[in-house]
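One structure is given here, and the rest of the page talks about it.
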Amino acid sequence: MGKQQSKAVSAVGYTWAPYWLRGISAFVAGVLLYEAGMLLLDVRLEYFMGLASFNMAWIVAMSALPVAVGIAIGMIYGFGGKYLAHFPPAFVMLWHYQHPSYADMAAGAQLLPWGMWIMFVILQMEFCAIGGFIGEIFIRKRYAWDDGVVPHHADSESLPDDDFEEGSGR
């Protein structure tokens, strides 16, 4: 990085595109990754089949998958990815809840009640936001926290050296 960056650019770090393009790209990537992960795990969170619903694939779909999707969103969008990461799982889950495929529903399964389903949506959104935060950290560590232009951190300033007398107890 031989070019000198402006102070505004150095405050947000390296960006490969305007924020709106990064946001659209991160959202679409998040939706596609989340949907692909759910299809790969063969989990439909909106269907309830009693205790048979809660298997290892369901646990991975409820915890690890949204974190991984959030990491991807955070790395694509950069600073602010933790906020954007809330929306892809909510969009996918709302789409599937409003357009259930009754042909894919197993025998004895039923659509989750609204209250239980909204709890699952909130959990998915929060796990994805945690992943977005981790993705922000990854992108900051890759492109450095400070490019050397600013002599001190944004929330601090250099303090003069304190001169204390000997024997003052300090």
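Its first residue numbered 0, the sequence shown is counted upward by one per residue in numbering that gives the first Met the number 0. Beta carbons are placed, not taken as given, at the ideal position from N, Cα and C, and that holds for glycine. Fair warning: this is a prediction, and the values are worked out from it, not measured in the lab.
If you count every other CB in all the chains shown that lies within 10 Å of the CB of residue i, and 16 or more means buried, which is it?
i, result
"residue 105", "exposed"
"residue 74", "buried"
"residue 53", "exposed"
"residue 123", "buried"
"residue 17", "exposed"
"residue 35", "exposed"
"residue 60", "buried"
"residue 38", "exposed"
"residue 99", "exposed"
"residue 172", "With the chain covering 0 to 169 only, the question about residue 172 has no answer from this structure."
"residue 112", "exposed"
Going by DSSP, what residue range makes up the alpha helix (DSSP H) through residue i?
i, result
"residue 26", "18–40"
"residue 57", "55–61"
"residue 92", "86–97"
Using the DSSP secondary-structure output, state which residues sit across from residue i in a beta bridge.
i, result
"residue 109", "47"
Secondary structure at residue i, three-state DSSP: helix, strand or coil?
i, result
"residue 9", "Interpretation of residue 9 is limited by its pLDDT of 46, a score under 50 that renders its predicted location unreliable; the figure taken from the coordinates is listed afterwards. DSSP places residue 9 in helix when its eight states are reduced to three."
"residue 78", "coil"
"residue 15", "coil"
"residue 124", "helix"
"residue 115", "helix"
So is residue i in contact with chain B if we call contact Cβ pairs under 9 Å?
i, result
"residue 18", "The structure shown contains no chain B, having only a single protein chain."
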